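Protein chains in written order, with this note's numbering: chain A, 40 to 540; chain B, 40 to 540.
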């Protein structure tokens with residue numbers, strides 16, 4: 040048995056090396072690759088992905104896992120890393136071998152075509168160009184879900200890919216609680232006098248933006264010996280090892296807040312990745328971690344900390360020093376309200392903290408209808424607009440700012456969107472737990488100190504890698520289930536004060 | 040047979056994708072990787088290299104090559120790319136399978152230890168720390184050469200790894216001709232009044248150095264749509280595809296020439312890589328190309344063009360605009376002599392165009408003695424110093440500036456050094472041929488135009504990838520064999536004029 044585990048580890052180390060190489064090629068593509076490299080890069084990445092899949096789905100892996108069934112046990116102790124290793128290797132092996140090779144190839148081919156079609160359709164703001172591709176992807180996704188299997192709802196099989204163990208019914212329960220309170224809250228805010236954030240749209244020197252972002256990254260504890268920041272068109276976080284975690288940001292001369300909060304968002308992901316122990320890397324103990332947990336860490340730093348008044352008590356004077364022009368005479372209250380301005384807009388990725396969730400409700404509703412064949416792809420634009428009207432009270436003027444705005448569906452990623460709002464919910468649950476255990480945290484933040492919070496998240500959340508799913512970790516950290524209550528209270532208190540409701 | 044070739048191409052495409060991934064990981068490590076990433080990176084690179092080796096040396100590849108023997112023929116037409124493909128795949132397959140797995144592993148292990156030991160020994164300037172490692176490497180290298188096989192000289196087997204088809208006796212013949220004329224020439228120059236280059240050691244703003252380098256890169260035709268330049272501790276060129284060729288440079292505030300001529304050197308390699316047709320990439324038709332041909336391209340731009348008077352007729356006024364401080368009042372003659380200052384120094388990589396070859400003679404002599412067991416590793420420092428005295432007339436004061444200066448031997452690369460001087464020889468042979476065919480080239484260079492020369496090198500040299508070795512290509516391009524005559528005449532004319540001999 041020791042031999043079987045050793046052999047499994049050797050194979051999986053190679054699988055992981057190939058996966059890391061893919062990630063490095065991808066990072067390079069987004070940051071520094073010259074345009075002429077695109078064509079060959081696509082071929083090289085596809086080859087690595089195929090070799091990785093072949094290596095991991097070899098019959099030998101299945102045989103080794105059979106030999107290791109006893110060692111794994113039925114409900115392994117979270118601290119028994121060998122058993123956890125086998126358990127998670129098995130989950131991924133079964134998932135990888137459940138899908139027929141033909142379906143995997145068809146999906147790869149269809150998404151490759153769909154991504155190009157989506158880009159062209161969005162450019163032209165014409166859903167009909169994308170519709171046949173999406174129809175094909177929905178059909179293939181349904182087939183995929185049937186192969187993966189589910190008990191209650193076909194959407195469970197898809198959700199599980201992004202949020203392990205989570206059920207559609209549970210998301211519906213959490214979202215129902217949120218909708219009941221957030222939809223009216225957004226309505227009330229929309230009717231209140233709007234906050235002025237005009238000064239945030241003035242010119243902010245790009246180099247000074249970069250330097251201020253680096254100051255904050257260092258202060259919150261992003262370890263630059265084990266990481267770096269670069270620029271890319273779409274900010275992202277990627278980790279190649281415990282010692283090499285990278286984020287990207289983008290800088291707009293006339294929209295300082297966009298770049299800065301991107302940096303903080305990715306920094307939250309990066310602290311998570313840097314907090315995962317070195318020995319978990321290159322093992323299934325980091326594969327397929329809960330996206331809700333991941334998002335809880337990015338949202339914690341971006342919103343709960345980074346858009347709090349206390350955070351800016353310390354940082355606003357430093358920001359004013361960097362940008363004395365646009366920020367002349369801006370006091371803490373005016374600044375705080377400006378960075379928390381709520382506005383009902385069409386594009387999810389530009390949405391504020393509060394309305395963001397309403398965009399997720401739209402997508403979650405439509406995805407379930409699509410995979411249960413209750414909604415035809417042809418009718419999607421109309422359904423989209425109706426849902427926007429229902430939740431946000433606004434209707435996109437065209438497909439580009441409506442149904443075509445997100446890349447996810449073109450990549451075949453159906454079941455992904457709800458994890459964003461689950462992450463928002465968890466960010467507040469975890470933060471409040473941290474403060475219960477360490478009441479000094481808010482005061483530390485007001486003084487530009489973040490160690491207590493960061494170390495708490497390291498010890499309670501990051502260290503587990505992918506060992507716990509969102510429900511298990513939340514139980515362990517807070518002593519209770521996933522609960523939208525704290526998040527709702529947080530939003531209501533914050534935005535009632537800002538909008539003087 | 041068509042099927043066999045198709046299958047071989049599919050396997051080799053994967054082998055190449057793994058090799059390219061290794062190259063990208065290596066580029067990243069030298070340019071942007073945070074220090075904390077080193078440990079995992081070494082593991083990931085080793086895994087990719089092993090997987091690549093396993094894929095390429097699989098018995099199936101041998102069987103496919105057997106089936107393709109007839110298609111290959113005995114002396115395939117250079118334009119018959121399928122036959123050339125098979126021929127070069129076979130050469131590499133045989134080389135990869137000739138070495139026992141045990142020896143490959145021992146070499147990998149020994150070089151890994153030796154590189155660390157070499158770094159420490161050089162730091163301490165203590166050869167005895169490195170000696171046992173080098174002894175082991177020499178023994179393993181001799182074993183490797185015996186497995187690879189040779190007819191006349193054991194060194195032939197090693198030389199062939201870097202300079203395909205080249206024989207030790209041929210290098211000895213070429214080097215004898217060079218020694219006879221260059222050793223006395225260096226002696227004469229050393230006795231002549233020295234050239235003043237003090238102004239080159241003044242402060243040159245790093246950003247302006249970078250910008251000027253980019254101007255020249257663009258002017259000579261480095262395609263930035265299909266390439267880029269970054270900074271690294273040791274300048275190098277790497278190519279991931281026809282569309283993605285990268286160079287690095289380093290910038291010293293008080294040594295402008297070092298960085299600039301590094302840029303030009305690597306640009307020569309990069310023009311070569313960008314000139315290889317896209318369809319040759321990811322095939323054995325680019326594997327193991329002659330290092331002498333490669334070096335001829337870097338030296339062509341660095342020295343033959345970049346250190347010529349004509350080049351600076353155009354560029355000096357532009358350089359003065361960038362650096363009016365240090366270059367105030369420096370005229371073309373003074374500048375031209377300064378960038379061609381000859382000085383007998385200890386470190387090969389800092390050597391000028393003329394003395395550089397003498398450093399190579401030292402290493403070539405010692406390498407042959409080591410692999411024929413005529414020189415014991417223990418006696419190497421003394422032998423090194425004696426050779427330095429013989430060729431350059433100077434003796435290093437310690438091991439760090441003597442026998443320990445180069446990384447090559449610690450990597451097991453014995454047989455590599457001669458290719459540097461072969462490249463120098465070829466750079467002048469090819470340039471003179473280009474001028475014979477296009478007499479307008481020198482005048483174009485004086486006017487900052489480089490298209491005729493670059494396109495000539497594309498069409499006559501680059502387009503062939505690794506299809507021809509140095510002797511074959513030289514015959515094809517110049518109509519004659521490798522000949523040190525033009526290079527000797529070039530150096531004698533140039534340095535007699537500069538030093539007024």
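Even for Gly, the Cβ is constructed at its ideal location relative to N, Cα and C. Note that the coordinates shown come from a computational prediction; the quantities given were computed from them, not determined experimentally.
Range of the contiguous beta strand (DSSP E) that encloses residue i
i                     : result
residue 167 (chain A) : Unbroken run through residue 167 (chain A) is the alpha helix (DSSP H), 166-187; no beta strand (DSSP E).
residue 266 (chain B) : 266-270
residue 286 (chain B) : 283-288
Backbone CA spacing between residue i and residue j [nearest angstrom]
i                     : j                     : result
residue 87 (chain B)  : residue 328 (chain B) : 22 angstroms
residue 362 (chain A) : residue 296 (chain A) : 13 angstroms
residue 237 (chain B) : residue 455 (chain B) : 34 angstroms
residue 507 (chain B) : residue 367 (chain B) : 48 angstroms
residue 179 (chain B) : residue 142 (chain B) : 7 angstroms
residue 479 (chain A) : residue 352 (chain A) : 16 angstroms
residue 214 (chain B) : residue 407 (chain B) : 14 angstroms
residue 420 (chain A) : residue 159 (chain A) : 17 angstroms
residue 44 (chain A)  : residue 84 (chain B)  : 23 angstroms
residue 339 (chain A) : residue 378 (chain A) : 16 angstroms
residue 275 (chain B) : residue 499 (chain A) : 45 angstroms
residue 519 (chain B) : residue 525 (chain B) : 12 angstroms
residue 331 (chain B) : residue 465 (chain B) : 7 angstroms
residue 266 (chain B) : residue 70 (chain B)  : 15 angstroms
residue 64 (chain B)  : residue 403 (chain A) : 39 angstroms
residue 458 (chain A) : residue 62 (chain B)  : 36 angstroms
Sub-9 angstroms separation of residue i and residue j beta-carbons
i                     : j                     : result
residue 72 (chain B)  : residue 269 (chain A) : no
residue 462 (chain B) : residue 334 (chain B) : yes
residue 183 (chain B) : residue 170 (chain B) : no
residue 58 (chain B)  : residue 68 (chain B)  : no
residue 181 (chain A) : residue 489 (chain A) : no
residue 349 (chain B) : residue 482 (chain B) : yes
residue 245 (chain A) : residue 292 (chain A) : yes
residue 299 (chain A) : residue 374 (chain A) : no
residue 432 (chain A) : residue 228 (chain A) : no
residue 104 (chain B) : residue 125 (chain B) : yes
residue 189 (chain A) : residue 393 (chain A) : no
residue 397 (chain B) : residue 405 (chain B) : no
Limits of the alpha helix (DSSP H) - the one that residue i falls within
i                     : result
residue 255 (chain B) : 245-259
residue 353 (chain A) : 348-361
residue 293 (chain B) : That residue, residue 293 (chain B), is in no alpha helix (DSSP H); it is neither H nor E in DSSP.
residue 495 (chain B) : 490-499
residue 537 (chain A) : 524-537
Residue i: contacting residues in chain C (beta-carbon distance under 7 angstroms)
i                     : result
residue 279 (chain B) : In the structure shown, chain C does not exist; the protein chains are A and B.
Backbone secondary structure at residue i - three-state DSSP
i                     : result
residue 262 (chain A) : coil
residue 507 (chain B) : coil
residue 279 (chain B) : strand
residue 72 (chain A)  : coil
residue 58 (chain A)  : helix
residue 426 (chain B) : helix
residue 326 (chain A) : coil
residue 206 (chain A) : coil
residue 369 (chain B) : coil
residue 388 (chain B) : helix
residue 308 (chain A) : helix
residue 377 (chain B) : helix
residue 77 (chain B)  : helix
residue 331 (chain A) : helix
Residue i beta carbon near the ligand FMN (any heavy atom closer than 8 angstroms)
i                     : result
residue 167 (chain A) : This structure simply doesn't include the ligand FMN, nor any ligand for that matter.
Does the region 161-172 of chain B come close enough to the region 439-448 of chain B to have 3 or more Cβ pairs within less than 8 angstroms?
-> Output reads yes: the region 439-448 of chain B touches the region 161-172 of chain B.
Does the pairing of the region 221-238 of chain B with the region 287-295 of chain B give three or more beta-carbon distances under 8 angstroms?
-> no
Okay, do the region 247-264 of chain A and the region 305-313 of chain A touch, 3+ Cβ pairs below 8 angstroms being the bar?
-> The answer is yes - the region 305-313 of chain A touches the region 247-264 of chain A, with three or more Cβ pairs under 8 angstroms.
Are the region 105-119 of chain A and the region 313-325 of chain B in contact at 8 angstroms, needing three or more beta carbon pairs?
-> no
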